[in-house]
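For the sequence shown, numbering that gives the first Met the number 0 assigns the number 0 to the initial residue and increments by one for each residue that follows. A virtual CB, placed ideally from N, CA and C, is assigned to each residue, including glycine. Remarks on the structure that follows.
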Amino acid sequence: MSAQRGKGFAMSAYADVRHEQLFFERQQSLTLRNREWEDRVEPLLPWTTLIMRALVVVILASASLAIVI
0 MSAQRGKGFA MSAYADVRHE QLFFERQQSL TLRNREWEDR VEPLLPWTTL
50 IMRALVVVIL ASASLAIVI
């Protein structure tokens with residue numbers, strides 16, 4: 000399908016959008032953040048916590064191997 004040609008056809012990126020439609024208002028954002036369903040999923044752990052836990056596991060495993068051997 001080819002594009003129309005001639006003076007009667009013009010492509011435009013213009014849209015009738017108001018500024019307040021482009022972002023959440025502050026009160027609406029706070030209301031959504033405090034909703035019940037926002038707290039049902041626990042936040043992800045940071046990398047440092049995961050590395051420290053893995054380090055503790057490695058130290059405990061190597062200590063138990065040192066005792067056995």
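What is the rounded straight-line gap between the Cα of residue i and the Cα of residue j?
i: I68; j: N33; result: 54 Å
i: T47; j: V56; result: 14 Å
i: L43; j: M51; result: 15 Å
i: P45; j: A65; result: 31 Å
i: L49; j: E35; result: 28 Å
Is residue i near the ligand MG, in the sense that its beta carbon is under 7 Å from a heavy atom of that ligand?
i: V16; result: As presented, the structure is devoid of all ligands, the ligand MG included, so that no description of it is given.
Please confirm if residue i has its CB atom under 8 Å from at least one CB of chain E.
i: L44; result: The question asks about chain E, but that chain is absent: this structure has only one protein chain.
Where are the alpha helix (DSSP H) runs, 4 residues long or more, that stay fully inside the region 41 to 65, in chain order? none
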